[in-house]
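Input: a single structure, listed below in C-alpha cells.
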Amino acid sequence: MIAAEVPTARRRRSFVTRGVGGFIVRRLLLGLLTLFLVSLVVFAATQALPGDPARAILGRGATPESLTALREQLNLNRSIPYQYTDWLGGLLVGDAGTSLAATRPVTELLGDRLLNSAFLVLCAALVSIPISIAIGAYAALRRDGAFDVSSSLITLVLAALPEFVVGVALIVLLATTVSNLLPAVSSIPPGTAPWADLEGLVLPTLTLVLAVTPYVVRIMRASMIEVLESEYVEMARLKGLPERRVIWRHALPNALGPTFQVIALNLAYLAGGVIIVEFVFNFPGIGGALRDAVSTRDLPVVQAIAMVIAAVYVLTNLAADIATILVTPRLRTRLR
Amino acid sequence: MTDVGHDRPGPVAGRGGVKEAAAAITVEDLRVELRRTGHDIVADIGFRIGPGEVLGLVGESGSGKTTAGLALLGHTRRGVRIASGSVRIGDTDVLRLPPAALRRLRGGLISYVPQDPSASLNPAVRIGTQLLETLEAHGFGSGSDERRARVTELMAEVALPTEARYLRRYPHELSGGQQQRVGLAMAFANRPRLIVLDEPTTGLDVSTQAHVLTTVRDLAATHGTAALYVTHDLAVVAAIADRLAVMYAGRIVEEGGTTAIFDQPAHPYTRRLIAAIPHLGGRRELQGIPGRAPSPGSRPPGCFFAPRCSMHVPACDDGQPALREVVPDRRARCIRAEEVLTLPPPTAGRSTTADEPSTADAVLRLRSVCCAYGPVQVLHDIDLDLAPGECLALVGESGSGKTTLARSIAGLHKDRTGEILFDGHPLEGPARARAQDDRRRVQYIFQSPYSSLNPRRTVGQAVSRPLEIFGTARGREAEQKATAMLDLVSLGKNYLDRYPDELSGGERQRVAIARALVCEPAVLICDEVTSALDVSVQAAIVDLLARLQRDLGLSMLFVTHNLPLVRSIAGRVAVMSLGRIVELGTVDRVLRDPRDAYTQRLLADTPSLETASA
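So the sequences go chain by chain: A and W.
Under this note's numbering, the first residue of the first sequence carries the number 1, and numbering increases by one thereafter.
Under this note's numbering, the first residue of the second sequence carries the number 337, and numbering increases by one thereafter.
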C-alpha cells in the first residue's frame with residue numbers, strides 16, 4: 001500500500017529501462033539471446049545427425065579422392081567450433097552459407113519459398129483470428145445456448161484432429177472424390193508471386209485455419225465469460241448502458257488480453273505446422289525445402305530454416321505481449 | 337395497541353414511517369428464488385423509503401440483503417429470478433418494465449453503488465469516460481458540453497479533483513476511497529430518485545469510510561434522493577440510516593426507526609445482533625450467536641430463527657410468524673415481540689478494568705525494529721514490550737505497518753533490522769533460521785480462515801500436524817491432543833474427519849486457533865482474525881480468544897483495524913500510523929483520553945452505536 005504511494009515515476013531512468021519503448025528494446029535483446037541459444041542447439045543437433053554429407057551429395061560410387069576434395073571445399077574437415085563461428089558470423093551478415101545439394105546460396109534458394117510460406121501463414125492468420133475471436137465472443141454471450149454447445153463440440157473435435165488428417169479430408173471433400181471445386185495441389189512456379197494463384201491457396205489456408213481456430217475460440221470464450229461475469233460488466237449494465245456498449249467497450253477489450261497470448265502461440269505454431277500442410281498440398285514453401293534438405297543431408301538449409309522458425313516464435317510472442325500491454329492500462333502504468 | 341393506522345402522529349415523526357403518497361419507492365411482497373429448485377432466497381419483502389431518507393438494510397452474510405437490493409433495479413445474479421412482487425417508483429412498477437425501459441431506468445431513476453469499487457470500475461476505461469457514458473446513456477443535458485460540466489460538478493460534490501488530467505486516469509491509479517467516490521459520483525450522475533448502496537464502505541479505512549458516509553448522507557439530503565443502504569455493519573448503519581430493516585434468512589424480521597431499534601429491539605435476533613457488536617464506550621464481553629442461519633431450501637417450518645433463539649417456545653415451530661406492527665412504527669416477525677421489547681437493553685455487560693501490566697519481565701521485547709519492502713521502509717524504530725499473560729492490541733489503518741510488524745515477529749518478513757528478544761534471547765529474522773522451540777512457542781493465526789487451511793487436509797490432520805513437525809506427539813497421542821484442543825475451541829470430536837470446505841467461516845477460524853494452540857505457544861499473534869467473519873461469529877471468536885488467553889495465560893498480540901473490538905479483548909493498545917507507534921497505553925485510557933492527534937481522529941471517525949445515538 002505504502003509502496004504504491006512512493007513517487008517511483010519521478011526517479012530518472014534511461015530510455016532503455018522505461019516505458020513501452022524500453023520494454024520492446026529489452027525484449028528484443030532477450031530475443032537475440034534466445035536466438036543465439038537456439039543457434040547453438042540447432043548446430044549441435046545437425047552435427048549429431050548420422051551420415052556424411054559429402055557421401056550423401058556424391059552418391060555411393062564416389063571415389064575417396066573426390067570425397068576428400070569435397071570435404072575440404074565444404075570446410076567439413078575443420079574443427080567444429082570453427083565451423084560454428086563461421087556459420088554464425090555468416091548469419092549475422094545475412095549469409096546462411098551454400099546449399100550442399102544445390103550448390104547455390106541458401107538465401108537465394110529459400111527466398112521465394114520463404115515468401116510463399118509467409119504468405120500462406122499470413123492468409124491463415126488473417127482469416128482465423130477475426131473469425132475465432134468472433135465465434136468465441138458470441139459463444140460466451142449465448143452461453144449454454146445452441147450456438148455455444150455446437151461450437152464447443154466442433155472446436156473440440158477439430159482440436160483433436162491432426163492437420164494432415166484435416167488436409168486429406170478437405171482434399172477428399174473439395175478437390176477429388178466428393179466434389180471437384182478446388183485444386184488438390186498448389187503449384188507456384190519459381191519466380192511467381194504466391195498471390196498469383198489464389199485458388200491453389202484456398203485448401204492449404206483452410207487447413208491451417210481449421211488447425212488453429214479451435215484453440216483461439218476456446219480461450220476467447222473462456223476469457224469472455226469471465227469478463228461478462230465480472231463486477232464491472234454488471235455495473236455497466238446496472239448504470240443503464242446499452243448492451244452494445246457494454247459488450248464492445250466494457251467486455252471485449254478486457255477479454256482480448258489473454259487471447260492475444262494464445263494467438264501468438266498459435267501463429268508461432270503455424271510457422272512449424274505449415275511444414276506438414278505444405279507436404280500434403282505439395283506447396284512450394286519452406287516445408288518442402290526442409291523435407292528435401294533433411295533427406296539430402298543439406299545441413300546449411302536445415303539450419304537456416306530452423307533459425308527462421310525460431311525467429312518467428314520470438315517475434316510473435318513479442319508482438320502478443322505488446323498488444324496485451326496496449327489493451328491493459330494497468331500494465332502500461334507498471335512499465336512507466 | 338391494535339389497529340394503529342399508518343397515518344398516525346408519532347413521537348418520531350421526523351424519522352417515522354413514510355406515507356404512501358410521499359414515498360419515493362414502495363416495495364411489496366418481493367420474492368426472489370433460485371431458478372433451478374424454486375427455493376426462495378428472499379420472500380415477503382416490503383418497505384417504503386421517503387425522499388431524502390436512508391433505510392438501512394442490515395443482515396449477516398447469506399441473509400439475502402444484496403439479492404433484495406439488486407431486485408430493486410430489476411436485476412438478479414445468474415441462476416436466480418424475481419418470482420413476484422412489485423417495486424413502485426411513482427406510477428412505474430420496475431418489475432413489470434420491458435427490457436428497454438428497464439435499461440433506461442437503471443442508472444437513471446434508480447442507481448447502484450457496488451461493494452467493491454476496485455472490481456466494479458472497468459480497469460481499461462478512464463474514469464472520466466465511465467462518468468460521461470453514464471450521462472450519455474440516459475441522454476443527460478443537451479450536448480457534450482453540458483455533460484462535461486455535469487461531470488465537473490459531480491467530481492466537486494464528492495470532493496475529488498475536477499481537472500481534466502485527473503479524469504483521464506484509470507481506476508487503478510486511484511486509491512480505494514477515491515474509487516468509491518467515483519462510484520458515488522456515477523450513482524448520483526442522473527439525479528436518481530433512489531440509490532441502492534451495497535456495503536460501499538467495506539474494505540475502506542475508518543477515516544475514508546467516515547468521508548464516504550458523510551458524502552452519501554449529504555447528497556441524499558440535498559437532492560431528496562431516497563437511499564437503501566445494504567450492510568452487515570450495525571455501527572455504520574447507526575451512523576447513516578434514519579430507519580432500519582433487519583434481515584434474517586431471507587426475511588425482514590424487524591423494521592422501525594434506527595434509534596428506537598437500538599434502544600429497544602423487538603426481535604430476539606436483532607437483540608442478539610446488537611449484543612454481538614463491540615462498543616467503544618465500555619468494556620464488556622461480546623456474545624456471539626451459536627449455530628448458523630439456514631440456507632434456502634433447508635429452512636425450518638416455523639420461525640427461521642427458532643433453532644438459535646434463546647426465547648424459543650413450542651408455539652414458535654407452528655408456522656412462519658407474520659411481520660406485524662408491535663408498537664407504532666415498529667414491525668417485527670416474532671410471536672413474543674411484546675416480551676422482547678420489555679427486556680432490559682442489550683448493552684449491559686460485565687465490566688472489567690485492566691491495569692497497566694508490568695513489562696519488566698516481558699516475554700517479547702522489540703527494540704528499534706525497522707522493516708522494508710525493497711527500497712520502501714514501512715516500519716520505523718518500533719519499541720514494544722509484551723508482558724506475560726497480557727493481550728496487547730495493535731491498531732491501525734491499512735498501510736500503517738501493523739501486519740508487517742506482526743509478520744516480522746513471527747519471522748514471516750525477512751527484511752528486518754533491530755532486535756526482537758523472546759524470553760531474553762534474540763530471534764533471527766526469518767522463521768527458518770530460528771530454533772525449533774522458538775518457532776513452536778510463537779504462533780500465528782491468519783486473517784482469512786478460507787485460505788489458511790489446506791483444503792486437502794482434514795481438521796484432525798491440520799491440528800495434529802504441528803505436533804508431528806515439532807516432535808511433541810504422533811499417532812494416537814497426537815490425535816488425542818488434537819481432539820482435546822478441538823474441545824477447547826468448542827468443536828466436537830466429530831469435526832476430526834471433516835474437510836475445511838464443509839465448515840463455516842467461524843468454524844474454520846476455530847480450527848486455525850486450535851492448530852496454533854496445540855503447539856502450546858507462549859506468544860499468540862492474531863492478525864485481523866475476525867475481519868472476514870460476520871459480527872455474530874466475530875463476537876463468538878473474540879469471546880473464545882479472550883477466554884483461552886485468560887485460562888492458558890497466553891501473551892497475545894491482537895492485530896486489528898476495528899477500534900471498538902479492542903475494548904472487548906485487550907488490556908493495552910498500541911496505535912500505529914505510517915509505520916510508527918504513535919500511542920501506547922491501557923485501552924481504557926487511550927479510548928477515553930487519546931493524546932495523539934492521529935488516535936483522536938481515528939476515534940472520531942469510528943462509527944459506533946453510542947456516537948450515532950448521541
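Glycine is no exception: its CB is placed at the ideal position from the N, C-alpha and C atoms.
All values reported here derive from a predicted model rather than from experimental measurement.
Within the stretch 229 to 249 of chain A, those residues whose Cβ lies closer than 9 Å to any Cβ of chain W are, in chain order, 229, 230, 231, 232, 233, 234, 235, 236, 237, 238, 239, 240, 241, 242, 243, 245, 249. By DSSP's assignment, residue 279 of chain A forms no beta bridge with any residue. Pairing residue 258 of chain A with residue 318 of chain A, the inter-Cα distance amounts to about 14 Å. For a Cβ distance threshold of 8 Å, residue set 459, 460 of chain W lies close to residue 328 of chain A, ordered along the chain. Looking at the backbone, the Cα of residue 187 of chain A and that of residue 309 of chain A are separated by about 23 Å. Annotation: Cβ neighbours of residue 253 of chain A in chain W (cutoff 9 Å, chain order): 458, 460, 461.
Beta bridge pairing from DSSP links residue 722 of chain W with W:700. With fewer than 16 other CB atoms across the displayed protein chains lying within 10 angstroms of its CB, residue 198 of chain A is exposed. About 7 Å separates the Cβ atoms of residue 594 of chain W and residue 392 of chain W, confirming a contact at the 8 Å cut-off. Beta-bridge partners of residue 529 of chain W (DSSP): none assigned.
Residue contact with chain W for residue 205 of chain A: absent (no Cβ-Cβ distance below 8 Å to any residue of chain W). Against chain A, the CB of residue 897 of chain W has no partner CB under 8 Å away; the residue lies outside that interface. In terms of Cβ geometry, residue 219 of chain A and residue 157 of chain A do not form a close pair [threshold 8 Å].
Within the model, the alpha-carbon separation for residue 398 of chain W versus residue 697 of chain W is close to 47 Å. In this structure, DSSP gives residue 243 of chain A a helical state, which the three-state scheme calls helix. Collapsing the DSSP output to three states places residue 835 of chain W in coil.
The alpha-carbon separation between residue 611 of chain W and residue 897 of chain W amounts to approximately 20 Å.
Under the three-state reduction of DSSP output, residue 613 of chain W falls in the coil class, being neither helix nor strand. In this structure, the straight-line span from the alpha carbon of residue 837 of chain W to that of residue 792 of chain W is close to 9 Å. By the neighbour-count criterion, in which 16 or more other beta carbons inside 10 Å mark a residue as buried, residue 333 of chain A falls on the exposed side. Ranked by Cα distance from residue 499 of chain W, the first of W:487, W:857, W:902, W:750 is W:487. At least one CB atom of chain A sits nearer than 8 Å to the CB of residue 447 of chain W. The Cβ of residue 333 of chain A sits closer than 8 Å to at least one Cβ of chain W. Under the 8 Å criterion on CB atoms, residue 491 of chain W is classed as non-interfacial with respect to chain A. The shortest CA-to-CA distance from residue 414 of chain W to any of W:768, W:548, W:403 is the one to W:403. Annotation for residue 407 of chain W: no beta strand (DSSP E) segment contains it, though the alpha helix (DSSP H) segment containing it runs 401 to 407. Residue nearest to residue 883 of chain W within the set W:900, W:916, W:849, W:464 is W:849 (criterion: CA-CA distance). With a contact defined as Cβ atoms closer than 8 Å, residue 923 of chain W and residue 940 of chain W miss out at about 17 Å. Close partners of residue 715 of chain W in chain A (Cβ separation under 8 Å) are lacking, with about 10 Å as the shortest Cβ gap. For residue 732 of chain W, the CB contacts under 8 Å within the same chain, skipping 5 residues up- and downstream, are 738, 897, 911, 912, 913 in chain order.
The C-alpha of residue 179 of chain A is placed about 57 Å away from the C-alpha of residue 454 of chain W.
Distance check between residue 26 of chain A and each of A:314, A:326, A:252 places A:314 closest, using alpha-carbon atoms only. In the three-state DSSP reduction, residue 506 of chain W falls in the coil class, being neither helix nor strand. Among the residues facing chain A, residue 912 of chain W is not included, as its CB has no counterpart in that chain under 8 Å away. Under DSSP, the beta-bridge partners assigned to residue 581 of chain W are W:393, W:591. By the rule that beta-carbons nearer than 8 Å mark a contact, residue 486 of chain W does not touch chain A.
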